[in-house]
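> Chains as they are written, first to last, in this note's numbering: chain A, 6 to 367; chain B, 6 to 367; chain C, 6 to 367; chain D, 6 to 367.
Using N, Cα and C, we set each Cβ at its ideal position, and we do this for glycine too.
There are 4 protein chains.
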Amino acid sequence: MAAQDYLAPDFTAPQLAHAPDARFEAVPADGVLPEGFFSTSNLPTYVRLNGRWLLPARPRMDCAIVRRGDALEVIEPRRLPKGEAVAMGLAEDGTEGIYVHTAGFLGGAHSPNEFRFMATEVSRERPVNYEELAVRLIEERTLGGYLIWVAGPALVHSRARGDFEWFVRQGFVHAVLAGNAVAVHDIEAAIFGTTLGMSSTGRPTDAGHGLHMRAINHVRAAGSIEAAVRSGLIRDGIMHALVTHGVPFVLAGSIRDDGPLPGVIPSSVEAQDGMREHTVKATGAILVASALHAIAVGNMLPAYHTHYGGVPTPLMTICVDQTEFVVNKLRDRGTHQAYGVVTNAQDFMHVLRFYIERGSQS
Amino acid sequence: MAAQDYLAPDFTAPQLAHAPDARFEAVPADGVLPEGFFSTSNLPTYVRLNGRWLLPARPRMDCAIVRRGDALEVIEPRRLPKGEAVAMGLAEDGTEGIYVHTAGFLGGAHSPNEFRFMATEVSRERPVNYEELAVRLIEERTLGGYLIWVAGPALVHSRARGDFEWFVRQGFVHAVLAGNAVAVHDIEAAIFGTTLGMSSTGRPTDAGHGLHMRAINHVRAAGSIEAAVRSGLIRDGIMHALVTHGVPFVLAGSIRDDGPLPGVIPSSVEAQDGMREHTVKATGAILVASALHAIAVGNMLPAYHTHYGGVPTPLMTICVDQTEFVVNKLRDRGTHQAYGVVTNAQDFMHVLRFYIERGSQS
Amino acid sequence: MAAQDYLAPDFTAPQLAHAPDARFEAVPADGVLPEGFFSTSNLPTYVRLNGRWLLPARPRMDCAIVRRGDALEVIEPRRLPKGEAVAMGLAEDGTEGIYVHTAGFLGGAHSPNEFRFMATEVSRERPVNYEELAVRLIEERTLGGYLIWVAGPALVHSRARGDFEWFVRQGFVHAVLAGNAVAVHDIEAAIFGTTLGMSSTGRPTDAGHGLHMRAINHVRAAGSIEAAVRSGLIRDGIMHALVTHGVPFVLAGSIRDDGPLPGVIPSSVEAQDGMREHTVKATGAILVASALHAIAVGNMLPAYHTHYGGVPTPLMTICVDQTEFVVNKLRDRGTHQAYGVVTNAQDFMHVLRFYIERGSQS
Amino acid sequence: MAAQDYLAPDFTAPQLAHAPDARFEAVPADGVLPEGFFSTSNLPTYVRLNGRWLLPARPRMDCAIVRRGDALEVIEPRRLPKGEAVAMGLAEDGTEGIYVHTAGFLGGAHSPNEFRFMATEVSRERPVNYEELAVRLIEERTLGGYLIWVAGPALVHSRARGDFEWFVRQGFVHAVLAGNAVAVHDIEAAIFGTTLGMSSTGRPTDAGHGLHMRAINHVRAAGSIEAAVRSGLIRDGIMHALVTHGVPFVLAGSIRDDGPLPGVIPSSVEAQDGMREHTVKATGAILVASALHAIAVGNMLPAYHTHYGGVPTPLMTICVDQTEFVVNKLRDRGTHQAYGVVTNAQDFMHVLRFYIERGSQS
């Protein structure tokens, strides 16, 4: 995971040494790109500007590369006003001044970096290397990394709440990106001890079907999740831990929401913008039990980051789901670096915590 | 499916005959319900008002029952301003003036209505009764019913576009509730012949990863999906069929969207409100290959409708997915009436069309 | 789980008190039953003989009830020679002298026994009650119960070997019923440190595809698994633990086998007979990651046993699989008592061990 | 699919031209191979004998290559008596006289052969190319190919019986390899109109749980499946079609079998030997809805055949299952050539038949 892992392109190779500068054209109307714009991927992408190869800031896929003076930035098309200068071209081999460096992290067959090998296949039949996962999380914490967690409601359903609280308290969680449902289930559990009316041992309760609506109503009455924590209405759980430890969270609204809770961002584009401010800081991402949010955040995540000394470093991306499908879908949508863990969310949290506790002692 | 299927409650039974009127309390603050409010389900629910049992209008689950003069309506809590009168109580047996009629459609073991029996179990090992499905769709069309379709992007990925167009042209589609991705994939297919850069035979294409972004950009330049159809940019596919046949659609924004396309509603609550206007008209719903939207719409759908002469009639709800999980999740979230079809979306559309074509001829 | 849990039938009720003796007919040819034979289920089934209601010995589903003098036994049809007397009739309500007691363990809505409630639904979204599972396993060990384990090869693939060894050493495993593949993978791991040529961290190895064939060849050269353990060829793992602790195992041959290993029983009917000798002793069964063997053994298992004082007691049946499908299929095939755990086999073993270790200390 | 597709190795290349003859050693004991034996894969494998490169007969994976005079044959280790001469070595690059030709069918990026491209990924989100499948099946029938079908019981459960009969009648089925359950369900349907007691529309029937046992008993009384067809006991369905059209079938016993039916082969090794006689003739294989049998037959199938003029030709292998898991597992077990179709077995049969009917007319 160290900086030397990255094999920078050989800019002295004829193809790159003699490449032209990238071409830029003006945005013809607000949120509309010029025909023939360059569409980004999540890989290290060098743009030639005044004879120099530059990595644009804030990389992600499915965006445009914008020039502002000598600076380059990757920006969502919908955010670009008329007149901005965006990079043009389809070629990714440098011939039009843009070079996508696919081989930066491959490292050959003798690489000691197991993550990349294991990433090539996702199956319930593969062993999960919890030791390595634990080592990596501890390492990120030690280096001062920024770990974002994406969580689906199964994490709360399945009694992993306590383990998630533990990860927050131990300093492994630097931002949580999720939806309304995670917070609703967590707060229903905090107030009533149930999730969707089911007790923590899986038993249905009387009149349980309305409890999540009552939980939402309590928080709406309190004014905000933070206020409900401060007032003592919410005394434990994930949201309690995030609020009391000052960990930021972004809750995106969705068409499926009950409520929603105060603080949930109803606008999908505003929620994307809110999450993007965390993905650009990320050195690692753990995506657990959410197809929607895993793919949403996967789309925003570059395959690498430059937060450790400016050198491209693989962005650790762990995707946990009950079936191979979600992990493969994430990878089919371009997040090829995802390391898949095919298991139950509750058990994942429990076993990973166990290995971290053991790893921290040694 | 005829009206006589419904067994109305016996209001002369002592428990109901002597029940009190329902109690109402004022909403204490905008979007905040009084403690102890009645939380609705999707079943026929009678409210006693001035000694008479009434069915509130616009039923759905997870809402409040609001009295406005002599009228009762089911409304989302977030839409209620301070001062509105909402029904109170936890009891569903009439003792507090509210009676949830769970047995209205059960009909006993000798019921000829196969749908309800089959609805009790969902498995890939059960035969799919396409004949019955075809008969039901033809019957709904004949009766002037209102069929809403919920679709996920797999419907477009998997070449069911042509079959969906056929259903639109034949008058089986009265509203489509979906997300940005369905329209994006469909329009990418219309313009470039690919979905996510994959050809219709499953082959990747050169520079394919940017094609969906280019398709979105074209529509943004055109100003709207409708304009892009009128201009000839979009010449076939689902969106083309909807626009040219005047079938309404609601596209809800989500955190995962690229673009989004013009016309997609970014606000999750506004999108819910837009979809609700269709679910209250629905006499049937077909939910294909979308966990997010199936559950979202399932939450809005009552288990019955009163559009055929005012008598409660089961609301035909068909949920198609590749695995049992989505169907079971939909049912776990309260949409117990869903009839599950565990198959590939493409094949479902193809075989159902085949049976309808055959059934229409006979 | 105590004996009083069982509600015996009320044999004084008129329907049972006045029931006739069961009728028996002779088997007309070896392995061919008389038309109209009684086909067993896995529920407590009482047969009236000389005016008394008796529970036949060795209960299981899909068999005949045979009378030999005053004794009754449940036997597979293929094992019955011409002339044996088998019980006749279709009725299960006592009117033909046979009474299937479906309500013996239901116990009503206020039962403190959570297992039965949880057993009614299987979902990855339900919490797994590991505390209760741990308590039950410890209890069975304390009571001198007989726990049979059914295992699929994913248990070995996924590094749960060490945990399974631990369960053997701690006295929680009294018989293992499995196939050739479990033993092959386990022995490949013991000899070469790989499973199907994949290292324990999931990496492929050079020439790995032949290693399982070489492992089999070594054992064939040694003559038997037991000999390979004694000779030091096999120094760790599941088979080593079973042999050194004297725990019996039955390995059934299948059409898919490589080898097979010596000791694997090629005949499916002989292997069934071998497994049956363990299922009739079982007080509990844990079925992990094998559809084929879980359903095979599920078919042999009664829903109850009488090993604790002769009174019918529910036979604890835990089915662990990555998806709901296998558990539901097991239940669809009649093993309704199965408690489903939807998770990865490796994580299940690890977490269950953790809870047992913690539970044993307290 | 034509012969020219195969790129034979360049035997004039120095590595191959100067390779030594392969080395052979005697089998030391019945069914035990000499240490260091060559373990086969399913790819074209050339063995140098007297300075010439030969393809052994009857290729399959996980076997030994046996020399008998100038002939070479691939044989299961368990079938080899002491003294047979087997090829030795681990190297697959010719340096020890054995060359595994991995590139014979790859054909480069411009290959018109879509099947191989599509085979590289399996997903419910990929379109199924039914036109191409239909063309291929018609082509195989025209060429006089040998198509083996592997079927699981879901094919019968889900009312695809009629379609399977159609494929038999139309000459697309040359052998069926399956287990007891397929035949039991099919015959229960023929005699009672149910499968596992469930009607063809998915409804449970009274006393249905014993019907499969009664069906088995009837056939046992008749003496054989063939006799039961001749006597009129079995009047329709898959087994009826196979018997009346003289299509051979091999039914392998398994640990999970009820009965078994007469004709089922209880011995797993005898059943393997029986199936192998069909896989060596196969020019194509269609594996539907059976994990156990798909992988078993996949292990026996070479990736190519030489039945069209002696030149290696890819062996068309289609694997149909409800989830990606079985197809991926098949490929993980070495059957890399499998083309995956992720759908419901019933719908697959129906749609494929529809396309063949349409394709045959044009």
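#1: On a Cα-Cα basis, can you pick out the residue from C:G74, C:A287, C:T348 that is closest to L142 (chain C)?
#2: Can you list, in chain order, the residues of its chain with a C-beta nearer than 6 angstroms to that of G112 (chain D)? Leave out the 5 residues immediately preceding and following it.
#3: Quick check on this structure: which residue in D:G314, D:E40, D:V127, D:A76 has the alpha carbon closest to the alpha carbon of E93 (chain D)?
#4: Give me whichever residues DSSP pairs with I80 (chain B) in a beta bridge.
#5: So the beta strand (DSSP E) G242 (chain D) belongs to, where does it begin and stop?
#6: Please list the partners that H298 (chain B) has in chain A, where partner means a Cβ-to-Cβ separation under 7 angstroms.
#7: Using a C-beta cutoff of 8 angstroms, does M189 (chain B) count as contacting chain D?
#8: Terminal residues of the continuous alpha helix (DSSP H) containing V302 (chain A)?
#9: Mind checking the region 310 to 334 of chain A against chain B and listing, in chain order, the residues whose C-beta falls within less than 9 angstroms of any C-beta there?
#10: Interface residues of chain C around D67 (chain D) at Cβ under 7 angstroms?
#11: Along the chain, where does the alpha helix (DSSP H) that runs through V173 (chain B) open and close?
#12: Would you kindly check if the distance between the Cβ of A246 (chain D) and the Cβ of V173 (chain D) is under 8 angstroms?
#13: Going by the DSSP bridge assignment, what does Y151 (chain C) pair with across the sheet?
#14: Identify whether D75 (chain C) lies in helix, strand or coil by the three-state DSSP scheme.
#15: Can you give me the start and stop residues for the alpha helix (DSSP H) that I192 (chain B) sits inside?
#16: Cutting at 6 angstroms between CB atoms, please list the residues of its own chain near L12 (chain A), excluding the five before and the five after it.
#17: When you measure from the CB of A287 (chain C) to every non-hydrogen atom of the ligand SAH, does any distance come out below 7 angstroms?
#18: What do you get for L320 (chain B), buried or exposed, if any count of 16 or more other CB atoms within 10 angstroms of its CB means buried?
#19: I think I300 (chain D) touches L335 (chain D), with their Cβ atoms under 8 angstroms apart; what is that distance to the nearest whole Å?
#20: DSSP on P19 (chain D), reduced to helix/strand/coil?
#21: What separation, rounded to the nearest whole angstrom, lies between the Cα atoms of T17 (chain B) and P64 (chain B)?
#22: Is the Cβ of D337 (chain C) closer than 8 angstroms to any Cβ of chain B?
#23: So, does the CB of S273 (chain B) fall closer than 8 angstroms to a CB anywhere in chain C?
#24: Starting from the beta carbon of Q277 (chain D), find every residue of chain C whose beta carbon is closer than 7 angstroms, and list them in chain order.
#25: Classify D15 (chain A): buried if its beta carbon has 16 or more other beta carbons within 10 angstroms, exposed otherwise.
#26: So what's H162 (chain A) in DSSP terms, helix, strand or just coil?
#27: Name, please, each residue of chain C whose Cβ falls closer than 9 angstroms to the Cβ of Q175 (chain A).
#28: Looking only at its own chain, which residues have a Cβ that is under 6 angstroms from the Cβ of H106 (chain D), when we skip the five neighbours before and after it?
#29: Measuring straight from C-alpha to C-alpha, what distance separates V79 (chain C) and R72 (chain C)?
#30: Taking three-plus beta-carbon pairs below 8 angstroms as touching, is the region 294 to 313 of chain B in contact with the region 322 to 334 of chain B?
#31: For E136 (chain C), which beta-bridge partners are listed by DSSP?
#32: Suppose contacts are defined by Cβ-Cβ distances below 8 angstroms. Is P267 (chain A) in contact with S229 (chain A) by that definition?
#33: Which residues of chain D have a Cβ atom closer than 9 angstroms to the Cβ of S128 (chain A), listed in chain order?
#34: Does any CB atom of chain B fall closer than 8 angstroms to the CB of F29 (chain D)?
#35: Is DSSP giving Q34 (chain B) helix, strand or coil here?
#36: Using 10 angstroms around the beta-carbon of A31 (chain C), count the other beta-carbons present and answer buried if the total reaches 16, otherwise exposed.
With the structure as the only source:
#1: C:A287
#2: The pLDDT assigned to G112 (chain D) is 45, lower than 50, so where the model puts this residue is not dependable, and the model offers no usable value.
#3: Reading off the sequence, residue 93 (chain D) comes out as Met, not Glu. Here the closest residue by C-alpha is D:E40.
#4: B:A69
#5: It is not in any beta strand (DSSP E) - G242 (chain D) carries neither H nor E in the DSSP assignment.
#6: I260
#7: Residue identity differs from the one stated: residue 189 (chain B) is Val in this sequence, not Met. Cβ-Cβ to chain D under 8 angstroms: no for V189 (chain B).
#8: 296 to 305
#9: Q327, T328, F330
#10: M218, D263
#11: 166 to 174
#12: yes
#13: None, per the DSSP bridge assignment.
#14: coil
#15: 185 to 197
#16: G109
#17: By its list of ligands, the structure shown contains no ligand whatsoever, and the ligand SAH lies outside what it can speak to.
#18: buried
#19: 6 angstroms
#20: helix
#21: 24 angstroms
#22: yes
#23: no
#24: I260
#25: exposed
#26: helix
#27: Going along chain C, no residue has its Cβ under 9 angstroms from Q175 (chain A), so there is no contact; the nearest lies around 18 angstroms.
#28: P14, P49
#29: 9 angstroms
#30: yes
#31: E136 (chain C) is not bridged to any residue.
#32: yes
#33: F330, N333, K334, D337
#34: no
#35: Sequence check: residue 34 (chain B) is Ala here, not Gln. Here A34 (chain B) sits in strand by DSSP.
#36: exposed
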